[in-house]
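The next block holds one structure in the form of structure tokens; read it before the comments.
Protein chains: 2
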Amino acid sequence: MAKNLDELRAVVRANGLRATPSRLAVLELVRASDAPVSHGDVADRLASQGWDRATIYRNLTDLAEVGLLRRTDVGDHVWRFEAVNAEHDAAHPHFVCTECGTVECMPQIELAIHRVKAPRAVKQRQVEVHVRGLCDACI
Amino acid sequence: MAKNLDELRAVVRANGLRATPSRLAVLELVRASDAPVSHGDVADRLASQGWDRATIYRNLTDLAEVGLLRRTDVGDHVWRFEAVNAEHDAAHPHFVCTECGTVECMPQIELAIHRVKAPRAVKQRQVEVHVRGLCDACI
DNA sequence: GGCTACTTGCAATACGGTTGCAGTTGCTTG
DNA sequence: CAAGCAACTGCAACCGTATTGCAAGTAGCC
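Here's what the structure looks like:
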């Protein structure tokens, strides 16, 4: 467990952030969750440790900004966060399950543009693509 | 124009709602928009006609409930509404500019799936597709 | 160890979304 | 056409998620 904290500390610092106790707690919790967690979830679960909601919020957004977490939403207009692991590369579409919140990478998906009238970024594929629906487990 | 109001009136009544002036104004505005419009947008644009925001909200949700409008979101946590009509029936991707927030319908875009391994919903195109990038004005 | 930039707690605000209640009105029916 | 009633509207308020300013506290660099 102490080793795990050192690892968290190292990774936070490697990403240019200070390894504060609250940040480590947030990162540990999100990494331990198997589904995306909301700010509210995290704040509730860390309330026993005395962290203020504003702090939790800032930590979540800071960690997301440096790429340790990913902010996502499942269509209910609540932002959720999940851990980003090493092999991740953002250059392909993502599928989000609107039921369980699972995010899957979809490199096998591509945009097909049937007519020329589209923004340049779209034509150049310089866009983020999010696909939202029910995964096979929830369908 | 009067004919157009009669048509709106008829369609609203045909869907079991009362054809009140505010409802007709809302439906007309949303039908005239070429991109999904938010509650706030509609309220602002109809403010000169004196309609209260609560009324606009209720009208939007009522019209969506009976199927004359479709509620949709483009990933920015603001609900938007678009008209449902014969040619606009199918759900289609929306492009949102990450800089200025402009939203565009993208019926000319379609998912191309290169390999069979994808969630069933994706293969059946039972998904919402959100495309995010810079529009031509912000690029 | 000192110092500085970053972080946190507190308190408040912002914003989209929603609702209760009393008065108004669309529309059905006689 | 008029009456009646359920649907609709304006007003005022509330809700939950998201976000921010400021002063005090602290991580970490030198």
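Read top to bottom, the protein sequences are chains A and B. Using the numbering used here, read the first sequence as starting at 1 and increasing by one per residue. Using the numbering used here, read the second sequence as starting at 140 and increasing by one per residue. Here a beta-carbon is modelled for each residue, glycine too, at the ideal position from N, C-alpha and C. Predicted, not measured: the structure shown is a model, and the values here were computed from it.
Status (buried if at least 16 other CB within 10 Å, exposed otherwise) for A:Arg70: By the Cβ-count criterion, A:Arg70 is buried, with 16 or more other Cβ atoms from all chains shown falling within 10 Å of its own Cβ.
Cβ-based contacts, 9 Å cut-off: residues of the stretch 49 to 77 of chain A near chain B: Result list: Asp73, Gly75 and His77.
Chain B within 9 Å of A:Pro21, Cβ atoms only: Not an interface residue.
Cβ neighbour criterion (16 or more within 10 Å) applied to A:Glu7: The residue is exposed, with fewer than 16 neighbouring Cβ atoms inside 10 Å.
Length of the line joining the Cα atoms of A:Glu82 and A:Ala35: C-alpha separation (whole angstroms): 7 Å.
Any non-hydrogen atom of the ligand ADP closer than 8 Å to A:Leu111 Cβ: Among the components modelled here there is no ligand, and therefore nothing to report on the ligand ADP.
Cβ distance (whole Å) where A:Leu215 is taken to contact A:Arg13 below 8 Å: This structure gives no information on residue 215 of chain A, because the portion of chain A shown stretches from 1 to 139.
Where the beta strand (DSSP E) containing A:Leu111 begins and where it ends: Residues Ile109 to Ile113.
Contact between the stretch 258 to 277 of chain B and the stretch 127 to 137 of chain A (3+ Cβ pairs under 8 Å): They touch, by the three-pair rule.
Contacting residues, own chain, Cβ-Cβ under 7 Å from B:Met281 (five flanking each side not counted): The structure shown does not extend to residue 281 of chain B, since chain B is modelled only from 140 to 278, so the question has no answer here.
Near-chain A residues of the stretch 252 to 263 of chain B - C-beta to any C-beta below 8 Å: Of all residues in the stretch 252 to 263 of chain B, only Ile252, His253, Arg254, Lys256, Ala257, Pro258, Arg259, Ala260 and Val261 place a beta-carbon less than 8 Å from a beta-carbon of chain A.
As assigned by DSSP and simplified to three states, the class of A:Ser65: Per the sequence presented here, residue 65 of chain A reads as Glu, with Ser not at that position. Of the three classes helix, strand and coil, the one that applies to A:Glu65 here is helix, per DSSP.
Terminal residues of the beta strand (DSSP E) in which B:Gly272 lies: Element bounds for B:Gly272: Glu267 to Gly272.
Residues that B:Asp212 bridges to, as DSSP identifies them: Looking at the DSSP assignment, B:Asp212 forms a beta bridge with B:Trp218.
Reference B:Leu199, options B:Cys274, B:Arg162, B:Ala158 and B:Val150, closest by Cα: Checked all of B:Cys274, B:Arg162, B:Ala158 and B:Val150; the closest Cα to B:Leu199 is B:Arg162.
Extent of the continuous alpha helix (DSSP H) to which A:Val103 belongs: Careful: A:Val103 lies outside any alpha helix (DSSP H), inside the beta strand (DSSP E) at Val103 to Cys105.
Selected residue, minimal CA-CA separation from B:Leu207, among B:Ala171, B:Tyr196, B:Val223 and B:Ala182: Comparing Cα-Cα distances from B:Leu207 to each of B:Ala171, B:Tyr196, B:Val223 and B:Ala182, the minimum goes to B:Val223.
A:Cys135 and B:Ala182 closer than 9 Å at C-beta: No, they are not a contact pair.
Environment of A:Asp62 [buried if 16+ CB atoms lie within 10 Å]: By the 16-neighbour rule on beta-carbons within 10 angstroms, A:Asp62 is buried.
Selection from B:Val165, B:Ala257, B:Gly240 and B:Gly155 that minimises the alpha carbon distance to A:Gln108: Of the candidates B:Val165, B:Ala257, B:Gly240 and B:Gly155, the one whose C-alpha sits nearest the C-alpha of A:Gln108 is B:Ala257.
For B:Val176: DSSP bridge partner residues: DSSP lists B:Phe220 as partners of B:Val176.
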